[in-house]
Amino acid sequence: MKSATPLFESKLPKVATTIFTVMSQLAAECKAINLSQGYPDFDGPSELLDRVAWHIGQGHNQYAPMPGLPALRDQVAAKCARIYDIATDAETEITVVPGATEAIFCAIMATVSKGDEVIVFDPCYDCYAPAVELARGRTIHVPMRVPGFSIDWDAARAAVNANTRMIIINSPHNPTGSTLLADDLAQLADLVRDTGIIILSDEVYEHLVFDGRSHHSVLQHPELRARAFAVFSFGKTYHVTGWKTGYCIAPLLLTKELRKVHQFVTFVAVTPLQYALADFMAAYPGFPDTLADFYQEKRDLFCAGLKSSRFSYTPSAGTYFQLLEYSAVSDMNDYELARKLTKQHGVAAIPISVFCEEPGDTQYLRLCFAKHGDTLLEATRRLCKI
Ligand code: PMP
Ligand code: GLN
0 MKSATPLFES KLPKVATTIF TVMSQLAAEC KAINLSQGYP DFDGPSELLD
50 RVAWHIGQGH NQYAPMPGLP ALRDQVAAKC ARIYDIATDA ETEITVVPGA
100 TEAIFCAIMA TVSKGDEVIV FDPCYDCYAP AVELARGRTI HVPMRVPGFS
150 IDWDAARAAV NANTRMIIIN SPHNPTGSTL LADDLAQLAD LVRDTGIIIL
200 SDEVYEHLVF DGRSHHSVLQ HPELRARAFA VFSFGKTYHV TGWKTGYCIA
250 PLLLTKELRK VHQFVTFVAV TPLQYALADF MAAYPGFPDT LADFYQEKRD
300 LFCAGLKSSR FSYTPSAGTY FQLLEYSAVS DMNDYELARK LTKQHGVAAI
350 PISVFCEEPG DTQYLRLCFA KHGDTLLEAT RRLCKI
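Just so we're aligned, residue 0 is where the sequence shown starts under numbering that gives the first Met the number 0, counting upward by one.
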């Protein structure tokens, strides 16, 4: 019998369901403590949550303007002035989006064409490469230095060629918790000077930097800012990841192209959420300043609880993730160990190899410490028994 003609060829033949979904599902099935997918197990501030219901009651339930509610864009501009000491034009440079993921997708779709190369640093967050592939570009994976997970700028320089269209950076870094220094941005600026390379800077954990460190935003570097999409997420800042609301700051020409795609991917972000965020930011402009101490305390609690375990670790510099090195615990690969920990020990984690083109021989798991203290302590008790 003649075989049926396939209806279509997958555009993403190697892409499977994300590790976050896989591990969260397994955690739920096993009733394990879920330190895999990154989200808080506590709510955002009630003053923020209450405003959503209030605005729904006020009839703010229809489409917002495509680039975002003006009041929210004004708050973002005010925040950038306060925190980064920069002026941004809310009209032409700030776009509110339904999640940083959407902005990343739109930025890539808007600027990467067939045959273009996009440099990422492994381990890298999972939504970048599939977007590049859909744009018919090529992702070039440059491994970060191990341990420490800093960028090897010589390797980055060697990867740049006439086809390089974009370089994606992410600081504070998911999954490793490392942060870029001012010198890293200087190296990046050297690398792209006199080229047409665009920077996509994923800064969703901008406020989660510990031990007195500062976050270095591309927005503060005039040369980089002139060629960058900088992407942020209200979900991380206000403990509301499920709201999937964020924003992108980019110069006028890049913003114009981003919006051309954004208006046909989702058109707008959710209206009452934007109203609530604008109100909360106006009433509590200093809220983001509390996050570093808040999460550092959780990181320290988690790390202190692991002192007598056989895992080794360097406390994260940023994000709400902690890497654990497990070579003294097991010689299994990280994916198998993550499954075993979930099923047999009741703690779910994320294997790091899934964020790498070449898994290498390092043995790390990522655990999320955006959890209540009791949850973290119980998780460390279980991990110490292994
Ligand atoms: N980038 C990184 C590095 C992230 O960890 C996340 C978290 N989900 C995102 C982007 C996406 O953020 P959002 O949920 O706002 O789409
Ligand atoms: N950013 C979250 C993490 O790193 C996951 C978001 C998602 O599930 N797509 O865990």
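Note that CB positions come from ideal geometry on N, CA and C, so glycine has one too. Please read all numbers here as calculations on a predicted model, not as lab measurements.
* Tell me whether the beta-carbon of VAL96 lies closer than 9 angstroms to the beta-carbon of CYS247. => For this step, residue 96 is matched to residue 97 along the sequence shown. For this step, residue 247 is matched to residue 248 along the sequence shown. For VAL96 and CYS247, yes; Cβs fall inside 9 angstroms.
* Asked: By how many angstroms is the C-alpha of SER177 removed from the C-alpha of ASP386?
  -> Because the chain spans 0 through 385 in this model, residue 386 falls outside it and cannot be assessed.
* Simplified DSSP state of ALA26, which is helix, strand or coil -> Position 27 of the sequence shown, counting from 1, holds the residue named residue 26. Assignment of ALA26 by DSSP, reduced to helix, strand and coil, places it in the helix class.
* To do: Could you tell me which uninterrupted beta strand (DSSP E) segments, each at least 3 residues in length, are contained entirely in the stretch 307 to 346, listed from first to last along the chain?
  => If only uninterrupted beta strand (DSSP E) runs of at least 3 residues are considered, those enclosed by the stretch 307 to 346 are 320 to 324.
* With DSSP collapsed to three states, give me the class of PRO146. => Position 147 of the sequence shown, counted from the first residue, corresponds to residue 146. Coil at PRO146, not helix or strand.
* Cα-Cα separation, THR318 to HIS172 -> The count along the sequence shown starts at 1 and reaches residue 318 at position 319. The count along the sequence shown starts at 1 and reaches residue 172 at position 173. Cα-Cα distance, rounded: 7 angstroms.
* Asked: Roughly how far, in whole angstroms, is the beta-carbon of VAL117 from the beta-carbon of GLY136, given that I think they are within contact range, below 8 angstroms?
  -> Within the sequence shown, residue 117 is the residue found at index 118, counting from 1. Within the sequence shown, residue 136 is the residue found at index 137, counting from 1. Rounded, the Cβ-Cβ distance is 5 angstroms, consistent with contact.
* Asked: Roughly how many angstroms separate the alpha carbons of ARG50 and LEU179, rounded to a whole number?
  -> Mapped onto the sequence shown, residue 50 falls at position 51. Mapped onto the sequence shown, residue 179 falls at position 180. Distance between the alpha carbons of ARG50 and LEU179 is about 35 angstroms.
* Asked: Taking 8 angstroms as the cut-off, is the CB of GLN24 close to at least one heavy atom of ligand 2?
  -> If you number the sequence shown from 1, residue 24 lands on position 25. Proximity of the beta carbon of GLN24 to ligand 2 is not indicated: no heavy atom of the ligand is located closer than 8 angstroms.
* To do: Identify, in the order they occur along the chain, each residue of the same chain with its Cβ nearer than 8 angstroms to the Cβ of ASP121, setting aside the five sequence neighbours on each side.
  => Within the sequence shown, the letter at position 122 stands for residue 121. Cβ neighbours of ASP121 beyond the five flanking positions: HIS140, VAL141, PRO142, MET143, PHE354, CYS355, GLU356 and GLU357.
* Inter-residue CB distance, ILE198 and ARG156 (contact presumed, cutoff 8 angstroms) -> If you number the sequence shown from 1, residue 198 lands on position 199. If you number the sequence shown from 1, residue 156 lands on position 157. Your pair ILE198 and ARG156 does not check out as a contact, with CB atoms roughly 15 angstroms apart and the cut at 8 angstroms.
* To do: Pull up the distance between the alpha-carbon of PRO221 and that of TYR83, whole angstroms please.
  => By one-based count along the sequence shown, residue 221 stands at place 222. By one-based count along the sequence shown, residue 83 stands at place 84. One C-alpha to the other measures close to 12 angstroms.
* Asked: Any idea what DSSP makes of PRO5, helix, strand or coil?
  -> If you number the sequence shown from 1, residue 5 lands on position 6. Coil, per DSSP.
* **Own chain residues within Cβ distance below 6 angstroms of PRO271, not counting five before or after** => Along the sequence shown, one-based indexing puts residue 271 at 272. If you ignore the 5 residues before and after PRO271, its C-beta comes within less than 6 angstroms of the C-beta of VAL51, HIS54, ILE55 and HIS59, all in its own chain and listed in chain order.
* Would you call PRO39 buried or exposed, if buried means 16 or more other Cβ atoms sit within 10 Å of its Cβ? -> Here residue 39 is taken as the residue at index 40 of the sequence shown, counted from 1. It is buried - the Cβ of PRO39 has at least 16 other Cβ atoms within 10 Å.
* To do: Return the bridge partner residues of ASP121 from the DSSP annotation.
  => In the sequence shown, counting from the first residue as 1, residue 121 sits at position 122. Partner(s): PRO142.
* **Any non-hydrogen atom of ligand 1 within 8 angstroms of CYS126 CB** => Residue 126 sits at position 127 when you count from the first residue of the sequence shown. If you check the C-beta of CYS126 against ligand 1, you find a heavy atom less than 8 angstroms away.
* Buried or exposed: TYR62, going by 16 or more other Cβ atoms within 10 Å of its Cβ? -> Numbered from its first residue, the sequence shown carries residue 62 at position 63. TYR62 comes out exposed.
* For VAL230, which option in PRO5, LEU47 and ILE103 has the closest C-alpha, if you only look at C-alpha atoms? -> Numbered from its first residue, the sequence shown carries residue 230 at position 231. It is ILE103.
* Looking at the structure shown, is ARG365 part of a helix, part of a strand, or coil, going by DSSP? -> Locating residue 365 in the sequence shown gives position 366, where the first residue counts as 1. If DSSP states are grouped into helix, strand and coil, ARG365 belongs with the strands.
* **Three-state secondary structure (DSSP) of LEU199** => For the purposes of this step, residue 199 is identified with residue 200 of the sequence shown, where counting begins at 1. If DSSP states are grouped into helix, strand and coil, LEU199 belongs with the strands.
* Can you name the residues that DSSP bridges to ARG137? -> Indexing the sequence shown from 1 puts residue 137 at position 138. Residue pairing from DSSP places ARG137 in a beta bridge opposite GLU116.
* Asked: Between the C-alpha atoms of CYS79 and PRO12, what's the straight-line distance to the nearest angstrom?
  -> The residue you call residue 79 lines up with position 80 of the sequence shown. The residue you call residue 12 lines up with position 13 of the sequence shown. When rounded, the separation of the alpha-carbon atoms in CYS79 and PRO12 is 40 angstroms.
* **alpha helix (DSSP H) runs contained entirely in the stretch 224 to 272, provided each spans 4 or more residues** => Here the runs fully enclosed are 233 to 236 and 251 to 264.
* To do: Leaving aside the five residues before and after TYR312 along the sequence, list all residues of the same chain whose C-beta is less than 7 angstroms from its C-beta, in chain order.
  => Translated into the one-based positions of the sequence shown, residue 312 becomes position 313. So the qualifying residues of the chain are CYS302, LEU305, GLN321, LEU322, LEU323 and GLU324.
* Does DSSP put MET108 in a helix, a strand or coil? -> As a working mapping, residue 108 is identified with position 109 in the sequence shown. Residue state for MET108 is assigned as helix, using DSSP reduced to three classes.
* Asked: Three or more C-beta pairs closer than 8 angstroms, one from the stretch 340 to 350 and one from the stretch 30 to 39: is that the case here?
  -> In short, these stretches touch, since the Cβ pair count reaches three.
* Taking DSSP as the reference, what is the three-state secondary structure of ARG164? -> The count along the sequence shown starts at 1 and reaches residue 164 at position 165. Correct three-state label for ARG164: strand.
* Asked: For ligand 1, any of its heavy atoms closer than 8 angstroms to the Cβ of THR138?
  -> To locate residue 138, count along the sequence shown from 1; it is residue 139. In this structure, THR138 has its CB at a distance of at least 8 angstroms from all heavy atoms of ligand 1.
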